[in-house]
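These notes are about the structure you will find just below.
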Ligand code: IPM
Ligand code: MG
């Protein structure tokens, strides 16, 4: 029997609640699909800071490196915002991404038919949306040096550096090409090359690499226009290839097309070694501990983990079908409630989905 070792980082806020649901469902899937899954839980984020004074303890990172895949819920809370930057949960997340060399962040945005009415946009605009944001994850302005504060000036000053070398752009472009080839073969590369040198290098490099694959049709868009187009006519996009900061912003925007950011999964990958699978949403401290969070983004992340990280395609499909079934039977969590549907708690939603597996 196949045996997998995964690390579960339940993190902060609603993390433990949605992780509980995911654990239960992964165990059932393992049983039904004849594999063993060992779930090793480790502290990460604010909770790890509380215990060890470090949001990404070495022991957690080492365990992640030794695993087959990492399933992460979410980290962060406003109470950590006054800490030194490197002690904040968000910095722990960046450290994890960088320690595992996760340069490719994949964020699929697909409308689930039963949730068409949950979108804040008109049904006709969103009904055919099926796109993937491919975001560079360990470079750009998030990691660029120099960065910091200048204190010897009259007024306070701070700065960051948006920097890429062509090798970093090449490897993320290769990933976008691979994904586009499994889909409609269309890549839209998003940059700000009308203003930024780093974006000009991005655009030139993407063109250079994609032109080697004759099947791929490449378009380019400035990031401001891309934000506008994502709201105007989102179904024009297939694969959106972009840098760390632009991908962060556009993926939240794209997530909302589906009606709730509580529905969006993501995978962070490199070319070999374990990936990290996590929902796009944050830790939602305002609703933490109330058992009202939507566990579906994390479940869809678990499904990406099964499919991409563990090669357990059937189990992944089983899970997605179960989620669709529960949604089309009219069950919703509070974030998706439209007045007519039955509103379930986080754990009840988990139980309903478990029953369909
Ligand atoms: C995301 C998040 C993170 C990011 C934060 C929490 C550091 O917004 O995964 O999109 O900016 O990458
Ligand atoms: Mg973000």
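In the working numbering, the protein residues as written are -8 to 348.
The beta-carbon is built from N, C-alpha and C at its ideal position, and this holds for glycine as well.
- The way I'd put it, the region 110 to 129 does touch the region 232 to 247; three or more beta-carbon pairs between them come closer than 8 Å.
- C-alpha of residue 98 to C-alpha of residue 65: approximately 15 Å in a straight line.
- Apart from the 5 residues on each side of it in sequence, residue 288 sits with its Cβ closer than 7 Å to the Cβ of 253, 254, 255, 256, 270, 271 and 272 in its chain, given in chain order.
- Residue 105 counts as buried, since no fewer than 16 other beta carbons sit within 10 angstroms of its beta carbon.
- As computed with DSSP, residue 179 is found in a beta bridge with 210 and 231.
- With a threshold of 16 other beta carbon atoms within 10 Å, residue 149 falls short and is exposed.
- Under the three-state reduction of DSSP output, residue 293 falls in the helix class.
- In this structure, DSSP gives residue 324 an extended state, which the three-state scheme calls strand.
- Fewer than three pairs of CB atoms, one per stretch, sit closer than 8 Å, so the region 205 to 221 makes no contact with the region 152 to 165.
- For residue 307, the uninterrupted alpha helix (DSSP H) segment begins and ends at 304 to 319.
- Assignment of residue 141 by DSSP, reduced to helix, strand and coil, places it in the strand class.
- A residue is called buried once 16 or more other Cβ atoms fall within 10 Å of its Cβ, and residue 304, having fewer, is exposed.
- Three or more beta-carbon pairs separated by less than 8 Å are not found between the region 36 to 45 and the region 322 to 342, which leaves the two stretches without contact.
- With a threshold of 8 Å, the Cβ atom of residue 92 does not count as near the ligand IPM, since no heavy atom of the ligand is closer than that.
- Spatial neighbours of residue 69 in its own chain (CB-CB distance under 6 Å, excluding positions within 5 residues in sequence) are not present.
- Counting along the chain, the unbroken alpha helix (DSSP H) around residue 342 starts and ends at 337 to 346.
- Following the DSSP letters along the chain, one finds residue 270 inside the beta strand (DSSP E) bounded by residues 267 to 270.
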